[in-house]
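K.L.:
The sequence shown runs 116 to 727 under my numbering.
Where is the CB? At the ideal position from N, CA and C, for every residue including glycine.
Just so you know, these numbers come straight off a predicted model, no measurement behind them.
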Amino acid sequence: MKLNTSVEPAARAVAPSSVPDPAPMTAMPYLPALDGLRGLAVIGAILFHGGFTWARGGFLGVSTFFVLSGFLITNLLVREWDNGGTIRLGRFWIRRLRRLLPAALLALALVALLWWQLGTAEQLAKLRWDMLAALAYVANWRFYFAGTSYAELFSAPSPLQHFWSLAIEEQFYLLFPPAVIALLRAGGRRLLATGVCTAITVAILLQFGLGGDFDRIYYGTDSRAAELLIGALLALWWSNPSRQAPGRGEQAGKESTRFLTVDIAGIAALAGMFWSWGAVTNTSGVLARGGLPAYALLTAVIIYAASRPGWVARCLSLRPLRWIGLISYGLYLYHWPVFLILDDHRLGWSAAPLFALRMAVTTLIAVASFHLLEMPIRRGQVFKTDPAALRAALAGALVVATCAILVTLNPPQSIIPYADVRLEDFPTAMKTEPEQSVADPAPAIDSGSIAQTVLILGDSGTVDASPALRAVFEAAGATKVIEAAYPGVGLSNPDLKWRAAYTSQINKHHPDLVIMMLGGWDLGYVEEQGASAYSSIVDEAVDILTADGAHLLWLSMLPGGTTPQHSVDRIYEQLPERFFGKVGYADIEASLRAAGDAHSSETMAGAELWPR
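(1) Using a Cβ-Cβ cut-off of 7 Å (strictly less than) and excluding sequence neighbours within five positions of THR477, which residues of its own chain qualify?
(2) Do you know whose CA, among ARG243, GLY335, LEU299, lies nearest SER273's CA?
(3) Straight-line CA distance for LEU146 to GLN286?
(4) Could you pull the start and end residues of the alpha helix (DSSP H) that LEU572 belongs to?
(5) From the DSSP secondary-structure annotation, give me the bridge partner or partners of ALA701.
(6) Classify VAL253 as helix, strand or coil using the three-state DSSP reduction.
(7) Just the C-alpha distance for PHE207 and VAL295, rounded to the nearest angstrom, thanks.
(8) Which class does VAL629 belong to by DSSP, given the choice of helix, strand or coil?
(9) Excluding the 5 residues flanking ALA380 on each side, which residues of the same chain have their C-beta closer than 6 Å to its C-beta?
(10) With DSSP collapsed to three states, give me the class of VAL427.
(11) Applying the criterion that 16 or more other CB atoms from any shown protein chain within 10 Å of the CB defines a buried residue, is ASN198 buried or exposed?
(12) Could you tell me which residues DSSP puts in a beta bridge with LYS595?
(13) Indicate the three-state DSSP secondary structure (helix, strand or coil) for PHE695 in the structure shown.
(14) Please determine, among PHE694, ALA481, LEU247, GLY639, the residue with the shortest C-alpha to C-alpha distance to THR661.
(15) What number of angstroms, rounded off, separates the C-alpha of LEU400 from the C-alpha of TRP669?
(16) On the criterion of 16 or more Cβ atoms from any shown chain inside 10 Å, does LEU289 qualify as buried, or is it exposed?
(17) Label HIS277 either buried or exposed according to how many other C-beta atoms from any shown protein chain fall within 10 Å of its C-beta, with 16 as the threshold for buried.
(18) Leaving out the 5 sequence neighbours to the left and right, which residues in its chain are closer than 7 Å to ASP535 when beta-carbon positions are compared?
(19) Label SER651 either buried or exposed according to how many other C-beta atoms from any shown protein chain fall within 10 Å of its C-beta, with 16 as the threshold for buried.
(20) Measuring alpha carbon to alpha carbon, tell me which of PHE485, ALA615, GLY495, MET143 ends up nearest PRO356.
(21) Between the C-alpha atoms of ILE418 and PRO626, what's the straight-line distance to the nearest angstrom?
(22) Is it true that the CB of TYR649 sits closer than 8 Å to the CB of ASP637?
(23) Give a yes or no on contact between the segment 172-190 and the segment 380-399, applying the rule of three or more CB pairs nearer than 8 Å.
(24) Buried or exposed for LEU667, please, with buried defined as at least 16 other CB atoms from any protein chain shown within 10 angstroms of its CB.
(25) Could you tell me the boundaries of the alpha helix (DSSP H) in which ILE188 lies?
(26) So, are the CB atoms of GLU342 and PRO408 less than 8 Å apart?
(27) When burial is assigned at 16 or more other CB atoms within 10 Å of the CB, is THR201 buried or exposed?
(28) Is it a yes or a no for the segment 247-258 touching the segment 307-325, going by three-plus beta-carbon pairs under 8 Å?
(29) In this structure, does DSSP put PRO356 in helix, strand or coil?
(30) Following the continuous alpha helix (DSSP H) through TYR410, name the residue where it begins and the one where it ends.
(31) Going by CA-CA distance only, name the one from ILE703, ILE571, VAL193, ALA156 that's closest to LYS595.
(32) How is the alpha helix (DSSP H) around PRO452 delimited, first residue to last?
(33) Report yes if the C-beta distance between GLY440 and ASP150 is below 8 Å; otherwise report no.
(34) Write down the C-beta distance between GLY605 and THR398 rounded to the nearest angstrom, noting that I regard them as a contact closer than 8 Å.
(35) Measuring CB to CB, does GLY634 end up less than 8 Å from VAL683?
(36) Quick one: using the 10 Å Cβ neighbour count with 16 as the cut-off for buried, is GLY159 buried or exposed?
See the structure below:
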């Protein structure tokens, strides 16, 4: 079926996937400023992944894509309903496949081939399920249930981690249109608007109900639905024929005033968006307390202002922004794998030239994909009929699924799973009494005595390491080792109620030794509030954990990746001096290096312990 190219730009993919390609009778006017807004959104996401601290909130660009998606998809659906009294779901879903799947399949195939050659053993071991989840558009749930914390994005990256947002969008495309049809049939636009408002309220309440489980809030389709539905609600109001009736004589002045008011609101919302990109981090507690829907409201104001004549529309319609918006789907798909391959460890380049190279390669691939793959399929130049497009999509998916299985059938055996690590695997230096560090002028703990009851606490990194820690302490003579770490823990997040949880663990088990390892969730807090504020929280945790007489061994953050872990490790390493005789500190990387060149911080007996 030939696509309507006259409205092509208005229906581009968002999140950053594609937005609808309406049939002629349902066409909405082309709004070039929305292409520019897409361009801004993908720039934010890329700057965040580039590691720029002044764009640490750029990941919110994905939320902008969500709102755009809800707005444009709902516009398409209700316009089709208004014109014909029906919505052809089969045709709608085929068009989504035409727009989204070709580039996604290419990205997955490239990742499979490149990581087969260049990926670390740990990444390759996970790649099969990551690829299959991305292919099935359930990557968001895959990463959540696998314990892949978004706060630790840079420390153990999957080349497909960015597919979580595409999965949420595709799930929305699958579930929302049937609901729209049912509500329109039952009660028209008014009932549909009521249903959307109710769903937004439920999604926001769910975010508050999930408390401190930020990964569940961030990855969940249900918890992120508010952002998509805020866009949908805007579309219902924006596309209402009675609202769009032109003003007459005496209303002209009011119309002019209203346009000016909308433009001022749009400029303020843009300022708020840019402020959020600089001030919010992916560990900020405000995101779990309504911050994401609040940001979505800012985006909705920008979209409305961009749809009216004014400064916002003119600024967002600048040619460079619109061009970036046109290829935003490809930029989003390809940039993250490119960034992981062209990293500072492999190239040894400084930040600015490295980012320039990454963007040059990403843009080249995205432009080629747009002109040689995506547009020919969208315009019907290949796979001209819906059945042909569906057969091609299924064949492509089968090829990629086969690649996912074949390239991971025999991953390198150099990787040692945490659960298989044993005491004898560690360098000799780790089995003897540790050397004193500069920050530890005297032994804080009598290393000659063996703790009988050991309590292990921490975040998702500790969850992964707990089997190895258990093996070490059991081999050393401990009679009871309790693994009580859980994902998403940060001492700086008050919603986690860690004080009560840790007090309960101490009173229940009365440990001789407590092992603590975390920090990833607190990096943003340290950057925002400073080391002194975080140090006070850490001191409070020490008081709780040692109140029953237990010794405390605080471990450094797991090394590896590009996480700026030293900002928290510098605080932890001061604990033995401040809590003399109660607390010890162990630098994991330094301990592994102590055995010499044969055992670096990245390998042990030739085995990779974490990604380089």
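P.N.:
Per the coordinate set shown:
(1) Residues LEU446, TYR449, HIS450, VAL453 of the same chain have their beta carbon placed closer than 7 Å to that of THR477, with the five preceding and five following residues left out of the count.
(2) Nearest option by C-alpha distance: ARG243.
(3) Each residue's Cα considered, the two are about 26 Å apart.
(4) Following the DSSP letters along the chain, one finds LEU572 in no alpha helix (DSSP H) but inside the beta strand (DSSP E) bounded by residues 568-573.
(5) Residue pairing of ALA701 in beta bridges, as defined by DSSP: LEU670.
(6) It is coil, neither helix nor strand.
(7) So the two alpha carbons sit approximately 13 Å from each other.
(8) Note: VAL629 maps to strand in three-state DSSP.
(9) These residues qualify, in order along the chain: VAL416.
(10) Here DSSP, grouped into helix, strand and coil, assigns VAL427 to helix.
(11) Exposed: under 16 other Cβ atoms inside 10 Å.
(12) Residue pairing of LYS595 in beta bridges, as defined by DSSP: THR568.
(13) Assigned with DSSP and collapsed to three states, PHE695 falls in coil, not helix or strand.
(14) Comparing Cα-Cα distances from THR661 to each of PHE694, ALA481, LEU247, GLY639, the minimum goes to PHE694.
(15) Just to set this straight, residue 400 is Gly in the shown sequence, not Leu. A direct Cα-to-Cα measurement between GLY400 and TRP669 gives close to 24 Å.
(16) It counts as exposed.
(17) Counting of Cβ neighbours within 10 angstroms places HIS277 among the buried residues, the total reaching 16 or more.
(18) Reliability fails at ASP535, whose pLDDT of 42 lies under 50, so the model's placement of it is uncertain and the value that follows must be treated cautiously. Scanning its chain for C-beta atoms nearer than 7 Å, with the 5 sequence neighbours on each side dropped, one finds no residue around ASP535.
(19) By the neighbour-count rule (16 or more Cβ atoms within 10 Å), SER651 is not buried but exposed.
(20) That would be MET143, whose Cα lies nearest to the Cα of PRO356.
(21) For ILE418 and PRO626, the gap between their C-alpha atoms comes out near 56 Å.
(22) A contact, by the Cβ cut-off of 8 Å.
(23) At 8 Å Cβ cutoff, the stretches touch.
(24) With 16 or more Cβ atoms within 10 Å of its Cβ, LEU667 is classed as buried.
(25) Note, ILE188: alpha helix (DSSP H), 176-199.
(26) Result yes, Cβ atoms of GLU342 and PRO408 sit closer than 8 Å.
(27) Of the residues assessed, THR201 falls on the exposed side of the cut-off, its CB having fewer than 16 other CB atoms within 10 angstroms.
(28) Taking one beta carbon from each stretch, the segment 247-258 and the segment 307-325 have fewer than 3 pairs nearer than 8 Å; the two do not touch.
(29) Here PRO356 sits in coil by DSSP.
(30) For TYR410, the enclosing alpha helix (DSSP H) begins and ends at 406-421.
(31) Closest by alpha carbon: ILE571.
(32) 443-456 is the span of the alpha helix (DSSP H), which, as asked, contains PRO452.
(33) Taking the C-beta atoms as reference points, ASP150 is found nearer than 8 Å to GLY440.
(34) Going by Cβ atoms, the distance from GLY605 to THR398 rounds to 6 Å, so yes, they are a contact pair.
(35) Taking 8 Å as the cut-off, the beta carbon of GLY634 is found closer than this to the beta carbon of VAL683.
(36) So GLY159 counts as buried.
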